[in-house]
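Asks: Heads up: the sequence lines are chains A and B, in that order.
Using numbering that gives the first Met the number 0, the first residue of the first sequence is number 0, and each one after it goes up by one.
Using numbering that gives the first Met the number 0, the first residue of the second sequence is number 0, and each one after it goes up by one.
For every residue, glycine included, the Cβ atom is placed at its ideal position computed from N, Cα and C.
Protein chains: 2
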Amino acid sequence: MPRAKKPKAKKAKKTETKKVKITKKAIKKAVKKVKEPEIKEKFVYFFGGGKAQGGEKLRDLLGGKGAGLAEMTNIGIPVPPGFTISTQMCNLFYDRDMNLPQILMQEVRENLKKVEKLMGAKFGDLKNPLLLSVRSGAKFSMPGMMDTILNLGLNEETTEGLIQKTGNERFAYDSYRRFIQMFGSVVLGIDKNEFEKIIEKKKEHHRIKMDTSLMVSDLKDIISKFKKKIKSKTGEEFPQDPFLQLLMSIEAVFKSWNNPRAIHYRKLNQIPSDLGTAVNLQAMVFGNMGDDCLTGVGFTRNPSNGENLLFGEYLVNAQGEDVVAGIRTPKPLEKLKKERSEIYKKLLSLTKKLEKHYQDIQDFEFTVQQGKLFMLQTRRGKRTAHAAVKAAVDMVKEKLISKEEAIRRIEPAQLDQLLHPVIDPDAKLEVIARGLAASPGAASGKIVFSAEEAVKLAESGEDVIMVRKETNPDDISGMAVARGILTSRGGMTSHAAVVARGMGIPCVVGCEEIKVNEERKVFTVKGYILREKESISVNGTTGEVILGTAPTIKPALTGEFGEFMEWTDQIRKLGVRTNADVPKDAEQAIKFGAEGIGLCRTEHMFFAKDRLPLVREMILAKTREEREQALNKLLPFQKSDFKGLFEVMKGFPVTIRTLDPPLHEFLPKKEELLVEITELRMKNEEPEKLKEKEELLARVEELSEFNPMLGHRGCRLGIVYPEITEMQVKAIFEAACELAKKKKVVVPEVMIPLVGTLEEFVNQKEIVVRVAEETIKKYKVKLKYLVGTMIEIPRASLTADEIATEAEFFSFGTNDMTQMVYGYSRDDAGKFIRYYIEHGILSQDPFVSIDQKGVGQIVAMGVKKGKDSRKDLKVGICGEHGGDPESIIFCHKIGLDYVSCSPYRVPIARLAAAKAVVGTEDYTTA
Amino acid sequence: MPRAKKPKAKKAKKTETKKVKITKKAIKKAVKKVKEPEIKEKFVYFFGGGKAQGGEKLRDLLGGKGAGLAEMTNIGIPVPPGFTISTQMCNLFYDRDMNLPQILMQEVRENLKKVEKLMGAKFGDLKNPLLLSVRSGAKFSMPGMMDTILNLGLNEETTEGLIQKTGNERFAYDSYRRFIQMFGSVVLGIDKNEFEKIIEKKKEHHRIKMDTSLMVSDLKDIISKFKKKIKSKTGEEFPQDPFLQLLMSIEAVFKSWNNPRAIHYRKLNQIPSDLGTAVNLQAMVFGNMGDDCLTGVGFTRNPSNGENLLFGEYLVNAQGEDVVAGIRTPKPLEKLKKERSEIYKKLLSLTKKLEKHYQDIQDFEFTVQQGKLFMLQTRRGKRTAHAAVKAAVDMVKEKLISKEEAIRRIEPAQLDQLLHPVIDPDAKLEVIARGLAASPGAASGKIVFSAEEAVKLAESGEDVIMVRKETNPDDISGMAVARGILTSRGGMTSHAAVVARGMGIPCVVGCEEIKVNEERKVFTVKGYILREKESISVNGTTGEVILGTAPTIKPALTGEFGEFMEWTDQIRKLGVRTNADVPKDAEQAIKFGAEGIGLCRTEHMFFAKDRLPLVREMILAKTREEREQALNKLLPFQKSDFKGLFEVMKGFPVTIRTLDPPLHEFLPKKEELLVEITELRMKNEEPEKLKEKEELLARVEELSEFNPMLGHRGCRLGIVYPEITEMQVKAIFEAACELAKKKKVVVPEVMIPLVGTLEEFVNQKEIVVRVAEETIKKYKVKLKYLVGTMIEIPRASLTADEIATEAEFFSFGTNDMTQMVYGYSRDDAGKFIRYYIEHGILSQDPFVSIDQKGVGQIVAMGVKKGKDSRKDLKVGICGEHGGDPESIIFCHKIGLDYVSCSPYRVPIARLAAAKAVVGTEDYTTA
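Written as structure tokens, this is what we have:
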């Protein structure tokens, strides 16, 4: 093994004395916290016999594992005794050119004596040898560092002693064989395969498959070959002296701190390189010494459903790894209750104690050695969302934790599992591709490649999955009836992703592996050829595309979930609204707890079959009069749409945005027209039709833009064509007034999109106020309404103080804001953003979670300038970030009044808003 | 005439006393300045006989005209005596419900007596009547207010007196006729046409055309009809009392302050409505009383070329208006020198005095009445750029003004006239359309619709004007050989506009009136049909498109121009660099005084005929190896390009930007391919070619983006394809090192475009530094270089403190910054930006002059954050704004180190940078 590089060796040497001084101070300070008597210079911390030096609060010195063992010991959990060499020694080790000081080995010997005493065995003893495990343990769990060494202390002689002690020759030799193998690879740095090859050869020789079928003689032969291999590889004998084994293992742990893999991991995770690792030495206990021995694993509560019952498995006369290895079938813990009730009782009481202490579900390991129960490990138990919510609610009722703590420990993203069907985790799946997990949930159905086909097939009662290169507003009708959506292009905020999340339809986007040919109605991936009407499944939670129909589970929304969500409402300060364009979505959102509509996109109403021709008529109009005629025909549709929304929202505010997208989105595509025209020209049969198409193309070309995202859209449309805004405002207020006449409460908020200057806003506000007042007067009703604006253009944020003199509310459109602050088109940037994330240039997709440093800075500036200028300014957010937990917490911090998100993210937003109040740190760093 | 609305009448009444007090104070203060004895309450200010109460410093009280008359009088210019009623009286008039106080008329009478004394005539006298002119005069020149009334004081009796006095009956009646006409329309509010009709009728009757042909009897008849008209329209007789005429005229002037037109003008120009107007009453003098009378106009220096010689014309026995009316041919002033040398001498001395006093070229009017010379008016003389520069330089040499003042008074935009050919102002032109004046200068030539045709025709020696819907990088070869460019789409920073300005080629863009059909090689406008090879002219200074070949003048760059530019260099703090991609442009810029290249766009080199195939090969490469092979072929081209630039720049710094545009710009257009493929498919004859085209289309589609401006471009290319950056950096440093080997000074500055995050910059900097160091080592030379970045993404400005930790210079790309801060695509926004400006939503095109409030705010933030983080950070600007005078002054204010602009704007930038130091205010408000 090459010598690890010493960090800053020269400098460190010079200041060694000084450094040690600082170190002592740090130790004293840490030790004081746990109220132990003053310790002069201490590197080794004992645990065992119900008492430990240190605990969780000495995590810096003891590392995570050492602190945990000490903590368990201190609260009276029977843990095999042992001791921890502090992380401080690791730094000293590097400062001393990788030499351990004498004083350390003295301390180790003293502590070893205590272990020997407690275990009634002696390290290196020929008759009753104490065996040790050695484990690394830094402050943060860190892959890349040294693996465990078990059975340390065995040699030719002590193995004989172990046989005498246990009467089990095979156990003893197998333990010795394992020890040499681990020591050889981990401490001596010999390739693991070298040892495996020897075992394989032996098994081949006997034509056996399992290690367990090896006889004692085989094991002895293997041991001998292992030792020869070590001699040949290192030039030295395998060390027989247990203390030498011990010393070498400690050094190996410290050296592993500077493994390339460990260094790389620290860099990636920004873990300081001077934290160091601790070394944990602990007495071995065995569950396989006979029938009075057993070993098992478990959870303090059911990790699937949260039920408050001990849950786990065990095996009699077995080693820990056997339980999970699947060679023997382990028994459920209920069996233990019947078969060994005293052990079960003890286990139950210990695990309850652990749960109470750690105030959370524990995932534990235990071993019974010759009738004596030892807890080997405990850690936070991983659980499903269902279990997490149930357990948290139960624990509040058990007064184990507070409501705040319950909120702190549920991750908002987990709730997705409770809101969508999921693929049966036990099902065997043929995953054929992976894309971006754009809208959670799983769905299966028959492949279609067009909106028409989707509608046709869905009407005949089939489940369909819509597959496209990308979607556009023309596809809405097909998307609405699809069970799932799959696209080969686009990012997390592409049209498909946004619409699908809005509709709560599972969706995978940007699945670039698949090659979609929409004309030929086929897509290919890795040799699979999938045609129209063949079955696939998409998992919008993972991004997987699965061949055939995957079995799904629809998780029940239990009563605890509702209760939990009410708590979030009690605590949160942020309001939560929804983005909804149609009554169906609004209704769903209200069920999920939305308190209003934060964004109704009027243009989504324009794509319906019965309206699109009218919209096109309006766009193609050559005069203002023609345009007004077309708009008059659209008015009744818009009015009835708004009426529906107002009715569903029952007095909650409804923010309606005036027309936003560029007009050419409503026209046929230029490319399609070009092909049609070329065909017609070459056929030369239908001159009339050719002329008509050419005229249409001319208008499409006139309206087409190089960068439509930065083109003639948003309020720019309403300014150049004021009659469009007039029609929309008229529709809003006629709808509102008709309901107001029936004594219904209606709170319309008209929102002007894409405002960049005060003048733009004033222009549109004048129209809104004029038409609104006229309509209210006509209907003779009283109606309060607000006129505000989207803040989505950087300039609007920069001049928010000006704009707030006229605008009554702001709603930050952080999708567009992110596009413009980064200069990323969300329809195009998918490809390089993925590259950026993979190469560490971006830590996350800024369309998924708000970029607090840049976009967030300008949003915060806008909030401050706006509120400074108008005290009662209402400020919200209605971009996709409104449903992202991290972004919601940021919105809380910068003083927003509400967030608005798609209906299926409303519960997530409610939870995130509550977490913004109670904090998230305690739980995530634990 | 309807009564004008009284501004804030009620409030004003209540506080009247107080208001007058404040007024007195203000008057005292103002009067103190001109060192006159204390005046208690004063509304009328006298001028005449070499002394006036007040002068230019009492502009607030006397208005512009009154202050000027007082000033002239005080410096000893013989001005017909008179007096000014102060603006304060105007406010008092409105405060008193539009009644003049008695005290005013007393003061008027007193002052009138002084005038009578000086003129030796008496107001209303039957034998020797004094006549007056009445003129309005606010602080700021303001159209919409009352016109002049001449000959006030005439009535049936005094007209007879005038005949006696002058012996000229026709003169007297004509004067009376004019007075009634003016008084009737201006004071009594009768439509002017009513009077004109009467005169017309009379002329028809006599079948004569000119007013001058009317006889005395005709005039008498007309006067009689005028008076009847007045009686019938107002119900009252035309006032015969000269004092009533006077009173009514004064009131009419005050009332005209609140004319709708005047109110509108004040609103537009943000002139406070409480400034009020003054009234100027002045003795009439006549140049048409006989042969000892004359009248003339002139300039103190030649307004065309600046020559220091009296320049103007005069007529003997004539009225002022006759000189400009063109009925009699006036004589040049040189004639006066011979014919009336004593008058000429006096005139010369007076005008020199005026010029010396006002320190600028004066445009004056004078009249000699019976041998006595009166100056009637003097004002700043309008002049050509040529004259402006020559006169300014001369005046500095004459010690009339300082260098700073010379700089202050030349408008940078004027210099354009000195740098480009202009259309002969005397030529008769047939203007057929108007677009945006995108690149100054005029050019004529034969129409071409494609780059190929342009090259072909130009090679055969023809001048060509390139006409396109819009241009793109494919057109560069054609644009380079064109004399002028005309497009029907695009704004001031469209591709055509930017490239044309860069090349100094006259260009008109966004000329939407013309319908261009590039396929059929024809464009139409207002019934004109213009085909390939027909002649047109474009005037890039005015935006005009002219039929046929317009005659042009190439102004000479005189020695004074060079001298003047040197002064700007002595004064300015900002450096001035140029945007240049090829040695030819760089050379031109150096001639114009550039101190380095601020932006070299490497991609412009990629469009050359011999390189484009290689660029396409690189883009279409399927593997990194293939791509590197193509790049290796490009390397020698790039290297020789850079070498050329470095050599021309002779040790000035050269900022080279790595590849910026999205790759699909280098590929054929999707639309064209689609048509080709459809045709090939339908013909079904060339399956090989079809396949090839289909493959190309597939790649084009793969690379095509919805919003390329926000897509995969800039450093995003160099990050995903590091081999591109590597090749470019290698080319830069091999070129630099080869020159350094020959002891030439080379200062390369590598600039990374479109950086939005520190990580992006670090990624590219690593490549630059690595390849640079390798190359420098290989060549064994010493070479200093910088690595910096464009700041053009809003996020880069917001996080400039971070980026400056690594970047050694910033160059603000305010084109892209404006696009993103406003959300305007400069290729698309032209249409609605024009609408915005016409409708007052934008005050100017933010792509032409930097939007200081929004874009400027974020730029200033970036400068501050950057310099706070790195003290020696060099900061410049290289967007189109770098050549806009207002923007340059802003750049100076926010602490930039240099600006960079296209070669033809370098002199303009030098001047603007100097003006940023010396200020511009004094001159523009004068």
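Are the beta-carbon atoms of B/Ala499 and B/Ser536 separated by less than 7 Å?
Replies: By one-based count along the second sequence, residue 499 of chain B stands at place 500. By one-based count along the second sequence, residue 536 of chain B stands at place 537. Not a contact, by the Cβ cut-off of 7 Å.
Asks: Please look up how many angstroms separate the CB atoms of A/Gly861 and A/Ala799, rounded, as I've assumed it's under 8 Å.
Replies: Within the first sequence, numbered from 1, the residue matching residue 861 of chain A stands at position 862. Within the first sequence, numbered from 1, the residue matching residue 799 of chain A stands at position 800. The pair is a contact, with the Cβ atoms about 4 Å apart (cut-off 8 Å).
Asks: Could you tell me if the beta carbon of B/Val430 falls within a distance shorter than 6 Å of some heavy atom in the ligand MN?
Replies: Ligands displayed in this structure: none; no statement on the ligand MN is therefore possible.
Asks: Using the rule of at least 16 other Cβ atoms within 10 Å of the residue's Cβ for burial, across every protein chain shown, is A/Thr383 buried or exposed?
Replies: Position 384 of the first sequence, counting from 1, holds the residue named residue 383 of chain A. By the 10 Å Cβ count, A/Thr383 comes out buried.
Asks: Going by C-alpha to C-alpha distance, which of A/Gly878, A/Phe448, A/Val749, A/Gly503 sits closest to A/Glu518?
Replies: Here residue 518 of chain A is taken as the residue at index 519 of the first sequence, counted from 1. The shortest Cα separation from A/Glu518 among A/Gly878, A/Phe448, A/Val749, A/Gly503 belongs to A/Phe448.
Asks: Quick one: what does DSSP say B/Lys764 is sitting in, helix, strand or coil?
Replies: Here residue 764 of chain B refers to the residue found at position 765 of the second sequence. B/Lys764: helix per DSSP, three-state reduction.
Asks: Could you name the residues of chain B that A/Pro991 contacts, counting a contact when the two beta carbons are closer than 9 Å?
Replies: Shown here, chain A extends from 0 to 925; a query on residue 991 of chain A therefore has no answer.
Asks: Note down, in chain order, every chain B residue with its Cβ under 9 Å from the Cβ of A/Leu753.
Replies: The residue given as residue 753 of chain A occupies position 754 in the first sequence. Those are Gly822, listed as they occur along chain B.
Asks: Residues in the same chain with beta-carbon distance under 8 Å from A/Glu236, minus the five sequence neighbours each way, listed in chain order, please.
Replies: Here the question's residue 236 of chain A lines up with position 237 in the first sequence. Cβ neighbours of A/Glu236 beyond the five flanking positions: Lys226, Ile229, Lys230.
Asks: Contact between the region 830–841 of chain B and the region 810–818 of chain B: three or more CB pairs below 8 Å?
Replies: The region 830–841 of chain B, when compared against the region 810–818 of chain B, does not touch it at the 8 Å Cβ threshold.
Asks: Using a C-beta cutoff of 7 Å, does B/His711 count as contacting chain A?
Replies: Along the second sequence, one-based indexing puts residue 711 of chain B at 712. Judged by the 7 Å Cβ criterion, B/His711 is in contact with chain A.
Asks: Under 9 Å between beta-carbons, which chain B residues line up against A/Glu670? List them in chain order, please.
Replies: For the purposes of this step, residue 670 of chain A is taken as the residue at position 671 of the first sequence. In chain order: Lys669, Glu670, Leu673.
Asks: So which residues on chain B does A/Gln856 lean against when the C-beta distance must stay under 7 Å?
Replies: Here residue 856 of chain A is taken as the residue at index 857 of the first sequence, counted from 1. Correct list: Leu797.
Asks: Take A/Thr788 and list the residues in its own chain whose beta-carbon comes closer than 6 Å to its own, dropping the five residues that flank it on each side.
Replies: As a position in the first sequence, residue 788 of chain A is number 789, starting the count at 1. Hits under 6 Å: Ile751, Val754, Phe760, Ala806.
Asks: Would you please state the rounded distance, in angstroms, between the beta carbons of A/Ile295 and A/Gly311? I believe it to be under 8 Å.
Replies: Numbered from its first residue, the first sequence carries residue 295 of chain A at position 296. Numbered from its first residue, the first sequence carries residue 311 of chain A at position 312. It should be pointed out that residue 295 of chain A corresponds to Gly in this sequence rather than to Ile. Indeed, because the Cβ distance is near 6 Å, the residues count as touching under 8 Å.
Asks: Decide if B/Val315 is buried, meaning its Cβ has at least 16 other Cβ atoms within 10 Å, or exposed.
Replies: On the second sequence, position 316 is the one that residue 315 of chain B refers to. Buried: at least 16 other Cβ atoms inside 10 Å.
Asks: Could you check whether the Cβ of A/Val719 sits closer than 7 Å to any Cβ belonging to chain B?
Replies: As a working mapping, residue 719 of chain A is identified with position 720 in the first sequence. It does; some Cβ of chain B falls within 7 Å.
Asks: Does DSSP put A/Val744 in a helix, in a strand, or in coil?
Replies: What you label residue 744 of chain A is simply residue 745 of the first sequence in a count that begins at 1. A/Val744 falls in the coil class under three-state DSSP.
Asks: Applying a beta-carbon distance threshold of less than 7 Å, which residues of chain B neighbour A/Lys852?
Replies: By one-based count along the first sequence, residue 852 of chain A stands at place 853. Near A/Lys852 (Cβ distances below 7 Å), the residues of chain B are Thr798.
Asks: In whole angstroms, give me the CA-to-CA distance for A/Ala495 and A/Gly829.
Replies: Counting from one through the first sequence, the residue named residue 495 of chain A turns up at place 496. Counting from one through the first sequence, the residue named residue 829 of chain A turns up at place 830. Answer to the nearest angstrom: the Cα atoms are 13 Å apart.
Asks: Can you tell me which of the three DSSP states B/Pro686 falls into?
Replies: On the second sequence, position 687 is the one that residue 686 of chain B refers to. Reduced to three states, the DSSP call for B/Pro686 is helix.
Asks: List the residues of chain A whose Cβ lies closer than 9 Å to the Cβ of B/Tyr903, in chain order.
Replies: Your numbering for residue 903 of chain B matches position 904 in the second sequence. Under the 9 Å cutoff, chain A gives no residues; its nearest Cβ is about 26 Å from B/Tyr903.
Asks: For the region 677–691 of chain B, list every residue whose C-beta sits within 7 Å of some C-beta in chain A, in sequence order.
Replies: Result list: Thr677, Glu678, Met681.
Asks: Where does A/Asp871 fall in DSSP's three states?
Replies: Residue numbering aside, residue 871 of chain A sits at position 872 when the first sequence is read from its first letter. Coil.
Asks: Is B/Ile840 close to chain A, meaning its C-beta is less than 7 Å from at least one C-beta of that chain?
Replies: For this step, residue 840 of chain B is matched to residue 841 along the second sequence. Yes, its Cβ sits closer than 7 Å to a Cβ of chain A.
Asks: For the alpha helix (DSSP H) holding B/Leu588, just list the boundary residues, first then last.
Replies: Residue mapping note: residue 588 of chain B aligns to position 589 of the second sequence, counting from 1. The sequence as given places Ala at residue 588 of chain B; Leu does not occur at that position. Its alpha helix (DSSP H) spans residues 582–590.
Asks: Can you find a C-beta in chain B that's less than 7 Å from the C-beta of A/Glu758?
Replies: Along the first sequence, one-based indexing puts residue 758 of chain A at 759. Closer than 7 Å: yes.
Asks: Who are the Cβ neighbours of B/Glu429 in its own chain at under 8 Å, not counting the five residues just before and after it?
Replies: Here residue 429 of chain B corresponds to residue number 430 of the second sequence, with the count starting at 1. Answer for B/Glu429: Ile545, Leu546, Gly547, listed in chain order.
Asks: With three or more beta-carbon pairs closer than 8 Å as the criterion, would you say the region 138–152 of chain A touches the region 176–188 of chain A?
Replies: Yes, the region 138–152 of chain A is in contact with the region 176–188 of chain A.
Asks: What residue does the alpha helix (DSSP H) around A/Thr86 start on, and which one ends it?
Replies: Mapped onto the first sequence, residue 86 of chain A falls at position 87. Start and end: 86–94.
Asks: Apply the 10 Å Cβ neighbour rule to B/Met502 and answer buried if 16 or more other Cβ atoms are within range, or exposed otherwise.
Replies: For the purposes of this step, residue 502 of chain B is taken as the residue at position 503 of the second sequence. With 16 or more other Cβ atoms within 10 Å, it is buried.
Asks: Is it the case that the region 763–780 of chain B contacts the region 726–745 of chain B, given that we only count it when at least three CB pairs across the two stretches are under 8 Å?
Replies: Because the criterion of three Cβ pairs below 8 Å is met, the region 726–745 of chain B and the region 763–780 of chain B touch.
Asks: Using a threshold of 7 Å, state whether the C-beta atoms of A/Gly81 and A/Gln239 are closer than that.
Replies: Working through the first sequence from its first residue, we reach residue 81 of chain A at position 82. Working through the first sequence from its first residue, we reach residue 239 of chain A at position 240. Against a cut-off of 7 Å, the Cβ pair of A/Gln239 and A/Gly81 comes out as no contact.
Asks: Any Cβ of chain B within less than 7 Å of the Cβ of A/Met465?
Replies: Here residue 465 of chain A is taken as the residue at index 466 of the first sequence, counted from 1. Not an interface residue.
Asks: Give the single residue among A/Gly75, A/Asp883, A/Gly47 whose Cα lies nearest to the Cα of A/Lys929.
Replies: Residue 929 of chain A falls outside the range modelled here, since chain A spans only 0 to 925, and no answer is possible.
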